[in-house]
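**Student:** Quick one: this structure, given as structure tokens, is what I'll be asking you about.
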Amino acid sequence: MEIKAPKGTQDILPDEIHKWHAVEKAARDTAELFGYREIRTPIFESTDLFARGIGEGTDIVEKEMYTFLDKGERSLTLRPEITASVMRALLEHKKTGGDLLKLYYIGPIFRYERPQKGRFRQSHQFGVEAIGSDSPQLDAEQICLAMEFYKRLGLDKLSVDINSIGCSNDNCRPAYRRDLITYLKENTDTLLGVLFGEIDNIGNKGLCDDCARRMVNNPLRVFDCKKDGCKQIISRAPRTYEHLCDDCRAHFEKVKETLELLGVKYRVNPNIVRGLDYYTRTVYEVLSESLGAQNALCGGGRYDNLAGELGGVKVGGTGFAAGIERAIMVMDEIGKKPERPGIPVIILPVGGEKAMNQAVTILKKIRDSGIPAELDYNNRGFKLLKKSEEEGWRFAFIIGEDELKEGKVSIKHLIKRDQKGIETAELEELLDSGGKDPVGILENLFL
RNA sequence: GUGAGUGUAGCUCAGCGGUUAGAGCACUGGUCUGUGGAACCAGGGGUCGAGGGUUCAAAUCCCUUCACUCACCCCA
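Right, dumping it as structure tokens:
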């Protein structure tokens, strides 16, 4: 078999699917608890949507998109994130005119990247978006929602880092950007910087070449660097939240105040700068200690300019995206095992076609009563019981010559290792009276 | 895109120049023909990632390539 799943994709086999169900259930339950409703948008969109929404200069748009032409020569792209799609859908259906819209989604995203621990070419996100409000309390509520989601999954040792990167008013982020560049120039002497002509001051403490490049393209990114030299320079650099305009400062203060009211622990981290162009004001990440280099479980923030950039009316929004694979990886790491539902009943017909026919009849009745049940179609007989634990079987219904002769079924409790005979008619009555807890009825036979 | 590491049975790995390539777990059968998880016995399964080279001889050494993993970049 030489055909394999494409690089960076993975099969989720039945042995693991219960983890996904657990995460998806926690996501839906939590989102709905907070008043969010589900939205589903296409998995591919016009390439323009992402180019404009996420930003031409970003890594995602520059080199990570799965873009193709369809037979009608349209340029389409497998979505690398979902916020832009949600906004597009709302603008398209003219839903943004009224009150606040609170939406959540679960689904795959695609990015052409080199895979590593916690990073794939197809991955899945649970996300929420609240569109039509600039309330800072909504930002805080969503952080609270994210933490509730993780709490339901049993994840602890998480930290919430928040920051504000201001707005596009000239006295806010643009002004800060100028100050930052000035500071970086004064502290940089790399060759590359000199070549770019961006640096005229030859000092001693250098930024790395990557950061010199970033300084030109997107100076905020220098904050992401993990190299010691750069970190030192960054540690004394002007902070975004110290340079916010009055409105943004008040907004950020309100976010923090609300988080305190909600009892969410956080730390202000001036180094977090989200990669996508559309972010304004609040940005945050939920981080885990139990992962490798890709330790962000959830990233989010406010995007008051996105609708405008897509050519729609100007509406503010805020949201986050949480990686499902990463959540599952942390659960695996810390030994959180979601319950794996089993099939409680296995029917073993032993001996002949009559037994098999009777088994089929009884199987139907068991299923009609609401009890998941399986039949030994391959006539493996008692050997099959070896798999009881694995399959989650609690009861084996045995139908053989003796049982047929007496009009009975033998029921074996596979955990208690006890066995009882019951008349077929009586069993049917019992199953009919099962109500909401039909398995409990079987359980009661062995008290 | 860059760097490093690893590719041998379904899984975890041993073998690192010398006959027909091994172990544990898993699987199948038997001891036990209608009663599982134990034990013992037997069995199936591998183009040693692929291609080329060195050598009397290559899973083992060299080159190329592919895949996987981790890290950088960036992010969920």
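Following my numbering, the numbering of the first sequence begins with 45 at its first residue and continues without gaps. Cβ atoms here follow ideal geometry from the backbone N, Cα and C, with glycine treated the same way. Quick caveat: nothing in here was measured; it's all calculated off a predicted structure.
Give the DSSP-derived three-state secondary structure of D92 in the structure shown.
**Tutor:** What you label residue 92 is simply residue 48 of the first sequence in a count that begins at 1. If DSSP states are grouped into helix, strand and coil, D92 belongs with the helices.
**Student:** Using only the alpha-carbon positions, how far apart do G237 and M259 sit?
**Tutor:** Numbered from 1 along the first sequence, position 193 holds the residue referred to as residue 237. Numbered from 1 along the first sequence, position 215 holds the residue referred to as residue 259. Caution is warranted here: a pLDDT of 45 is assigned to G237, below 50, making its placement in the model unreliable, and no coordinate value can be reported.
**Student:** Sorted by chain position, which residues of the same chain lie with C-beta nearer than 8 angstroms to G367's C-beta, five sequence neighbours on each side aside?
**Tutor:** As a working note, residue 367 is residue 323 in the first sequence. Result list for G367: G162, S167, H168, Q169, A340, L341, C342, in chain order.
**Student:** Is G345 near D178, with beta carbons less than 8 angstroms apart?
**Tutor:** Counting from 1 along the first sequence, the entry for residue 345 is found at position 301. Counting from 1 along the first sequence, the entry for residue 178 is found at position 134. Going by C-beta atoms, G345 is not nearer than 8 angstroms to D178.
**Student:** Since L120 and E89 are thought to touch, with beta carbons under 8 angstroms apart, how far apart are those beta carbons, to the nearest angstrom?
**Tutor:** The count along the first sequence starts at 1 and reaches residue 120 at position 76. The count along the first sequence starts at 1 and reaches residue 89 at position 45. Confirmed, Cβ separation roughly 7 angstroms.
**Student:** Please state the DSSP three-state secondary structure of V330.
**Tutor:** Counting from one through the first sequence, the residue named residue 330 turns up at place 286. Of the three classes helix, strand and coil, the one that applies to V330 here is strand, per DSSP.
**Student:** Taking only three categories from DSSP, how would you classify S167?
**Tutor:** Your numbering for residue 167 matches position 123 in the first sequence. Three-state result, S167: strand.
**Student:** Hey, is the segment 282-291 in contact with the segment 304-316, meaning 3+ C-beta pairs nearer than 8 angstroms?
**Tutor:** A contact exists between the segment 282-291 and the segment 304-316.
**Student:** Is DSSP giving H457 helix, strand or coil here?
**Tutor:** Locating residue 457 in the first sequence gives position 413, counting from the first residue. Note: H457 maps to strand in three-state DSSP.
**Student:** Using 8 angstroms as the threshold, is the segment 206-225 in touch with the segment 377-388, meaning 3 or more CB pairs across them?
**Tutor:** Result no; under three Cβ-Cβ pairs closer than 8 angstroms.
**Student:** Output the boundary residues of the alpha helix (DSSP H) element that contains F154.
**Tutor:** Reading the first sequence from its first residue, position 110 is the one you call residue 154. Note, F154: premise wrong, no alpha helix (DSSP H); beta strand (DSSP E) at 145-154.
**Student:** For my contact list, A174 and L144 are in at a C-beta cut-off of 8 angstroms; report their separation, rounded to the angstrom.
**Tutor:** Along the first sequence, read from residue 1 onward, the residue named residue 174 stands at position 130. Along the first sequence, read from residue 1 onward, the residue named residue 144 stands at position 100. Right, the Cβ-Cβ distance comes to about 6 angstroms (below 8 angstroms), so this counts as a contact.
**Student:** Check the DSSP bridge columns for S208 and list the partner residues they point to.
**Tutor:** Residue mapping note: residue 208 aligns to position 164 of the first sequence, counting from 1. BP columns for S208 point to T326.
**Student:** Output yes or no for whether 8 angstroms exceeds the beta carbon distance between I126 and T85.
**Tutor:** Residue mapping note: residue 126 aligns to position 82 of the first sequence, counting from 1. Residue mapping note: residue 85 aligns to position 41 of the first sequence, counting from 1. Contact: yes.
**Student:** Measuring straight from C-alpha to C-alpha, what distance separates L448 and K408?
**Tutor:** Along the first sequence, one-based indexing puts residue 448 at 404. Along the first sequence, one-based indexing puts residue 408 at 364. One C-alpha to the other measures close to 17 angstroms.
**Student:** From this set, D376, V330, K464, Y110, which residue's C-alpha is nearest A440's C-alpha?
**Tutor:** Position 396 of the first sequence holds residue 440. Comparing Cα positions, the closest option is K464.
**Student:** What is the DSSP secondary structure of L354, reduced to helix, strand or coil?
**Tutor:** As a first step, residue 354 is located in the first sequence; it is residue number 310 there, counting from the start. If DSSP states are grouped into helix, strand and coil, L354 belongs with coil.
**Student:** Which class does L288 belong to by DSSP, given the choice of helix, strand or coil?
**Tutor:** By one-based count along the first sequence, residue 288 stands at place 244. Coil.
**Student:** Of all the options D103, R118, R165, which has the alpha carbon lying nearest to the alpha carbon of Q54?
**Tutor:** Translated into the one-based positions of the first sequence, residue 54 becomes position 10. Nearest of D103, R118, R165 to Q54, Cα basis: R165.
**Student:** Give me whichever residues DSSP pairs with C342 in a beta bridge.
**Tutor:** Within the first sequence, residue 342 is the residue found at index 298, counting from 1. Per DSSP, V330, A366.
**Student:** Would you kindly work out how many angstroms separate the C-alpha atoms of D290 and P58, rounded to a whole number?
**Tutor:** As a position in the first sequence, residue 290 is number 246, starting the count at 1. As a position in the first sequence, residue 58 is number 14, starting the count at 1. When rounded, the distance between both Cα atoms is 54 angstroms.
**Student:** What is the rounded straight-line gap between the Cα of K480 and the Cα of I415?
**Tutor:** The count along the first sequence starts at 1 and reaches residue 480 at position 436. The count along the first sequence starts at 1 and reaches residue 415 at position 371. C-alpha separation (whole angstroms): 10 angstroms.
**Student:** Which one of I225, M131, Q181, R123 has the shortest CA to CA distance from I153?
**Tutor:** The count along the first sequence starts at 1 and reaches residue 153 at position 109. Minimum Cα distance to I153 is reached at R123.
**Student:** For V330 and I410, I'd like the C-alpha separation in whole angstroms.
**Tutor:** Mapped onto the first sequence, residue 330 falls at position 286. Mapped onto the first sequence, residue 410 falls at position 366. Those two C-alpha atoms are separated by around 46 angstroms.
**Student:** Rounded to whole angstroms, what's the CA-CA distance from E473 to K452? Just pull it up for me.
**Tutor:** Counted from its first residue, the first sequence places residue 473 at position 429. Counted from its first residue, the first sequence places residue 452 at position 408. Spanning the two alpha carbons is a distance of roughly 13 angstroms.
**Student:** What's the call for E304, buried or exposed, on a 16-neighbour Cβ count within 10 Å?
**Tutor:** Counting from 1 along the first sequence, the entry for residue 304 is found at position 260. Classification for E304: exposed.
**Student:** Using a Cβ-Cβ cutoff of less than 8 angstroms, which residues in the same chain neighbour P282 once the five nearest sequence positions on both sides are dropped?
**Tutor:** Taking the first residue of the first sequence as position 1, residue 282 is located at position 238. So the qualifying residues of the chain are Y220, D223, L224, Y227.
**Student:** Using the C-alpha atoms, what's the distance from S129 back to M373?
**Tutor:** Reading the first sequence from its first residue, position 329 is the one you call residue 373. Reading the first sequence from its first residue, position 85 is the one you call residue 129. Going by the C-alpha atoms only, they are around 27 angstroms apart.
**Student:** Rounded to a whole number of angstroms, what is the C-alpha to C-alpha distance between E333 and K201?
**Tutor:** Within the first sequence, numbered from 1, the residue matching residue 333 stands at position 289. Within the first sequence, numbered from 1, the residue matching residue 201 stands at position 157. E333 and K201: Cα-Cα distance of roughly 7 angstroms.
**Student:** Using three-state DSSP, classify Q54 as helix, strand or coil.
**Tutor:** Looking up residue 54 in the first sequence gives position 10. Coil, per DSSP.
**Student:** Since E467 is in the beta strand (DSSP E), which residue starts that stretch and which ends it?
**Tutor:** Position 423 of the first sequence, counted from the first residue, corresponds to residue 467. First-last of the beta strand (DSSP E) with E467: 462-467.
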